[in-house]
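Visitor: I am attaching a structure below and will ask some questions about it afterwards.
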Amino acid sequence: MAEENGTGSNAVWAIAFVIIVAIIGAVVYYSGILKTKPGKTEVDINVTAPAAPAPAR
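Listed below in structure tokens is the structure:
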């Protein structure tokens, strides 16, 4: 009977572990959690009052 914890089984578990860690690392990296400085977006907004209507004559 084959040994349960053979080299092949250990290799499969090692590869699965590396794939899982890579997926978790990609999710963390692309989610932006690791950003040290959140980028502030500045928006230039010019607000002007509408022109007053001409007085009625």
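Residue numbering for the sequence shown follows our numbering, starting at -7 and increasing by one per position.
Each residue gets a CB set at the ideal place from its N, CA and C atoms; glycine is no exception.
1. Within 8 Å of any Cβ in chain D, is that where the Cβ of glycine 0 sits?
2. Nearest-angstrom Cα distance between glycine 17 and lysine 27?
3. If we ignore side chains and look at the alpha-carbon of each, how far apart do arginine 49 and alanine 41 end up?
4. Taking the C-alpha atoms as reference points, what is the distance between glutamate -4 and asparagine 2?
Guide: This is what the structure holds:
1. In summary, chain D is missing from the structure at hand, where a single protein chain is found.
2. 14 Å
3. 24 Å
4. 10 Å
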